[in-house]
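Undergrad:
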Amino acid sequence: MTPELAALGLDEVSRIRFLNDRLRTTGAGGEIFVTCGIASLPEHDQVLIMERVRTFDAFTEDNDPDREHGFGAFTYAGREIFWNIDYYDPSMEFGSEDPSDDEATVRVLTVLFADEY
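Okay, so the sequence shown: first residue is 15 according to our numbering, each after it adds one.
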């Protein structure tokens with residue numbers, strides 16, 4: 015892991031949550047994708063949806079049992095929107111062996127309509 019992350023002194027789950035929140039709120043530390051359904055919306059709607067993802071804070075025991083802040087759901091214009099963060103190895107061929115290690119993990123945030131899941 016990077017020295018900056020190690021210096022925070024966080025436990026494994028807290029590191030994952032920190033890295034997930036950083037990607038979701040700033041776009042740093044990973045890739046962000048939207049599905050064709052989201053991309054087909056007018057730009058104004060896309061901007062508002064991404065703002066809702068960025069500011070999402072409705073984490074509960076039910077929707078975030080691992081406390082990693084890796085998934086969220088909300089309603090926009092009557093449609094259910096999901097966002098999810100997946101963890102890949104640096105080659106992006108396999109899952110990451112250690113999502114708490116920012117040097118060994120590529121985070122991918124995907125925003126989609128629930129019916130595209």
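Quick reminder that beta carbons are idealized off the backbone N, C-alpha and C, glycines included.
1. How long is the line joining the alpha carbons of ILE17 and ALA91, rounded to whole angstroms?
2. Would GLY1 pass as a contact of ILE99 if the rule is Cβ separation under 8 Å?
3. So what does DSSP say about LEU123, is it helix, strand or coil?
4. State the Cα-Cα distance for the pair VAL27 and ASP115, rounded to the nearest angstrom.
5. Would you tell me roughly how many angstroms separate the C-alpha atoms of ARG31 and SER105, rounded to the nearest one?
TA: Working from what's here:
1. For the sequence presented, residue 17 should be read as Pro rather than Ile. Distance between the alpha carbons of PRO17 and ALA91 is about 43 Å.
2. Residue 1 is absent from the model: the chain starts at 15 and stops at 131.
3. Strand.
4. Pairing VAL27 with ASP115, the inter-Cα distance amounts to about 11 Å.
5. Those two C-alpha atoms are separated by around 22 Å.
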